[in-house]
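Here's the structure we're looking at; comments come further down.
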Amino acid sequence: MTESYSVHQIIGDDKWTEIDIKDALPGDIVIYFSSDGDASHSGVITEILNLGIPRIFSKWGSAGEYVHLLNDCPSFYGTEKKFYRCRL
Amino acid sequence: MIKLTKSELLEFAQVFILANTPLSLFNGLIRCAGMEKLRKNSEDVLLRYYDHITARAGRNEIVLALAYAVLCALVLRARQISSLEVDASRLQWGQRIWDFMRRSDSGTGGLGIIARQEAMITSSNSPSTEMRILGPDGLPASSWSNL
Numbered sequence: 354m355t356e357s358y359s360v361h362q363i364i365g366d367d368k369w370t371e372i373d374i375k376d377a378l379p380g381d382i383v384i385y386f387s388s389d390g391d392a393s394h395s396g397v398i399t400e401i402l403n404l405g406i407p408r409i410f411s412k413w414g415s416a417g418e419y420v421h422l423l424n425d426c427p428s429f430y431g432t433e434k435k436f437y438r439c440r441l
Numbered sequence: 002m003i004k005l006t007k008s009e010l011l012e013f014a015q016v017f018i019l020a021n022t023p024l025s026l027f028n029g030l031i032r033c034a035g036m037e038k039l040r041k042n043s044e045d046v047l048l049r050y051y052d053h054i055t056a057r058a059g060r061n062e063i064v065l066a067l068a069y070a071v072l073c074a075l076v077l078r079a080r081q082i083s084s085l086e087v088d089a090s091r092l093q094w095g096q097r098i099w100d101f102m103r104r105s106d107s108g109t110g111g112l113g114i115i116a117r118q119e120a121m122i123t124s125s126n127s128p129s130t131e132m133r134i135l136g137p138d139g140l141p142a143s144s145w146s147n148l
């Protein structure tokens with residue numbers, strides 16, 4: 354079972370639905386995908402800044418938890434991001 | 002003997018610490034500057050080095066990162082030499098990296114790019130109308146010279 358399969362299964366089971374970045378709000382989540390489509394990182398949106406850029410709270414491996422801007426994280430997490438909201 | 006600089010080792014360690022998944026660890030390590038140096042070695046040298054590192058007691062982040070980096074170099078080599086076998090289970094994420102990445106062509110950072118070429122040609126002949134070529138604006142090609 355790959356990471357992506359697990360992640361997609363969790364998202365589906367927990368009724369998370371994909372949303373557009375412009376609709377993202379605090380509490381929504383972002384998942385980072387590598388170039389080969391594997392989910393490599395995830396975080397929770399804590400704030401939407403003036404220009405619509407989300408501020409993210411996420412855990413960087415064993416290095417700890419960080420609050421960072423959407424793109425201010427290690428590049429190998431991937432450049433493709435998808436946003437999800439829980440519809441429960 | 003494989004010699005890496007301090008900055009190359011630290012870059013491996015940084016990726017090792019920051020990676021959240023086995024595949025992100027692989028993707029991060031193969032982009033490190035030291036990976037190029039590792040990949041220049043033969044599989045025998047890499048295997049000996051892997052055995053040496055993983056047999057060591059007192060593993061720290063740098064040693065573990067280096068072990069994963071050598072494993073990733075072996076994975077890339079194993080795609081060319083199918084008989085190559087490594088005891089990847091010595092590392093917690095080793096077996097998953099080995100099993101998945103060995104049979105996958107993905108995650109090599111776009112080492113090969115295949116351009117997709119498509120030609121879309123549509124034509125229709127109506128017996129009642131004269132055949133003519135239309136431009137993207139829908140106008141007959143003969144009208145282009147008027148532009």
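These protein sequence lines are chains H and S, in that order.
Each residue of the first sequence is one higher than the one before, starting from 354 at the first, in the working numbering.
Each residue of the second sequence is one higher than the one before, starting from 2 at the first, in the working numbering.
Just so it is clear, CB atoms sit at the ideal spot from N, CA and C, and this is done for glycine as well.
is_contact[residue i, chain S] using C-beta, thresh 8 angstroms
i	result
H421/H	no
G396/H	no
F429/H	yes
W369/H	no
G414/H	yes
Contact with chain H by residue i, beta-carbon distance below 8 angstroms
i	result
S25/S	yes
I18/S	yes
C55/S	A small correction: the amino acid at residue 55/S is Thr; Cys does not occupy that position in the sequence shown. Closer than 8 angstroms: no.
R32/S	yes
G35/S	no
N21/S	yes
G29/S	yes
Cβ-heavy atom distance, residue i to the ligand GTP, below 7 angstroms
i	result
W99/S	The ligand content of the structure shown is nil, which means the ligand GTP is not present either.
Neighbour-count burial assignment, residue i, 16 or more Cβ in a 10 Å radius
i	result
P379/H	exposed
E400/H	exposed
N28/S	buried
V383/H	buried
S395/H	buried
L404/H	exposed
A34/S	exposed
C59/S	The sequence given here places Gly at residue 59/S; Cys does not occur at that position. With fewer than 16 Cβ atoms within 10 Å of its Cβ, G59/S is classed as exposed.
Y51/S	buried
L441/H	exposed
D425/H	exposed
Y385/H	buried
K309/H	This structure cannot settle anything about residue 309/H, because the visible part of chain H is limited to 354 through 441.
C439/H	exposed
Closer than 8 angstroms to chain B by CB, residue i
i	result
D100/S	Chain labels in this structure do not include chain B; the protein chains are H and S.
Spell out a yes or no on whether the region 57-67 of chain S and the region 9-18 of chain S are touching, meaning 3 or more CB-CB pairs, one atom from each, closer than 8 angstroms.
yes
Residues of the region 371-402 of chain H with Cβ closer than 9 angstroms to any Cβ of chain S, in chain order
Y385, S387, S388, D389, G390, D391, A392, S393, H394, S395
What runs of the alpha helix (DSSP H), each 4 residues or longer, lie entirely inside the region 5-52 of chain S?
7-19, 23-30, 34-40
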